[in-house]
Amino acid sequence: MNRSIVQRLREHLSNSLQCGAIMGIGDLLAQAFGNKAAFEDIDRLRTIKYATIGLIVGPFLGVWYTFLEKHVPRKDNKLKRALKKTAYDQLLLAPILTLAVVPLVGILNRQSYDQIKYRLTVYYPQIMRKNYEVWLIIQFINFSIFGSIQKVAVLSLKLKSLCTNSLTM
């Protein structure tokens, strides 16, 4: 097999596993500490669903960050690069990711097409507003400070938040 193909597959697998693990662990922590659930009361199926979403979306997030690294000029100073990456992230990725994740959550919860369509129609604007209120500054800090491995981790947390919003609405 071609070395570059194997390398890409490893990167995708790594991003998938990292995002899936963060999503699963994040959900366990949310249930244990946020909901104050006893260990025996933790909804394991819910945790598996979160981890599954991370496994599916993780490679896409890695590709996204690679795209940003290649297309935001390195000649710009660090602040300008962070601003550009944040703008691309919030104006391009956030709406697309939300449009993908809300139906994915619905599918994992065995919702009908009409239920998923309703959730998108009614809750999409609210989810996006919450995204911009909370994640705009977090992503700016993320792009200003962290390396690409941490970026996937931070976006995994964002994804966890997005899933929580789409599940609880």
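Numbering (our numbering), first residue to last: 4 to 172. We put the beta carbon where it would ideally sit given N, CA and C, even for glycine. As the structure is a prediction and not an experimental result, all values here were calculated from the model.
- With contacts defined as CB atoms closer than 9 Å, residue 18 and residue 62 qualify as a contacting pair.
- Along the length of the stretch 32 to 116, whole alpha helix (DSSP H) runs at least 4 residues long occupy 47 to 74, 81 to 91 and 97 to 111, reported in chain order.
- Distance check between residue 132 and each of 86, 116, 93 and 109 places 93 closest, using alpha-carbon atoms only.
- Taking C-beta atoms as the reference points, residue 22 and residue 75 fail to come closer than 9 Å.
- Straight across, the Cα-Cα distance linking residue 104 with residue 11 is about 24 Å.
- Cβ atoms of residue 96 and residue 67 come within 8 Å of each other, at about 6 Å.
- Closest option to residue 83, judged by alpha-carbon separation, among 111, 40, 147 and 108: 147.
- Contact between residue 26 and residue 45 does not hold, since the beta-carbon distance rounds to 15 Å and is not under 8 Å.
- One Cα belongs to residue 38, the other to residue 149, and the distance between them is close to 30 Å.
- Its chain contains 27, 30, 31 and 34 as the residues whose beta carbon lies nearer than 8 Å to that of residue 50, once the 5 sequence neighbours on both sides are disregarded; these appear in chain order.
- The alpha-carbon separation between residue 16 and residue 129 amounts to approximately 32 Å.
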